[in-house]
Amino acid sequence: MDLKRAKQIVSSSADIDVKFQGASVWIDQLHEDEKMATVHLRGPLEERTQVAIADLVEAED
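Residues in the sequence shown are numbered consecutively from 12, following this note's numbering.
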């Protein structure tokens, strides 16, 4: 995923499915200078991790 699309997803009110290594995640915060994003798994776990924005994939319908 590119930074522009990640920004669109973060600012959107729609529920857009984003995946990291096959798992659905929420994007919590973007770190533009490092091209990284803080994400957490969808569901009860709130553990957050930083990943490269390029490693995020928008799920297809």
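All residues carry an ideal CB built from backbone N, CA and C; glycine is no exception. Values in this document were obtained by computation on a predicted structure and should not be read as measured data.
{"Item": "DSSP-derived helix/strand/coil call for Ser23", "Value": "coil"}
{"Item": "Nearest to Arg59 (by Cα), restricted to the options Ser23, Lys18, Leu41 and Ile27", "Value": "Leu41"}
{"Item": "Close-in-space but distant-in-sequence residues of the same chain around Gln32 (CB under 8 Å, 5 per side omitted)", "Value": "Asp66"}
{"Item": "Pair within 8 Å by beta-carbon distance, Ile27 and Glu71", "Value": "no"}
{"Item": "Proximity to Ala34 [Cα-Cα], best of Met12, Asp13, Arg53 and Glu57", "Value": "Arg53"}
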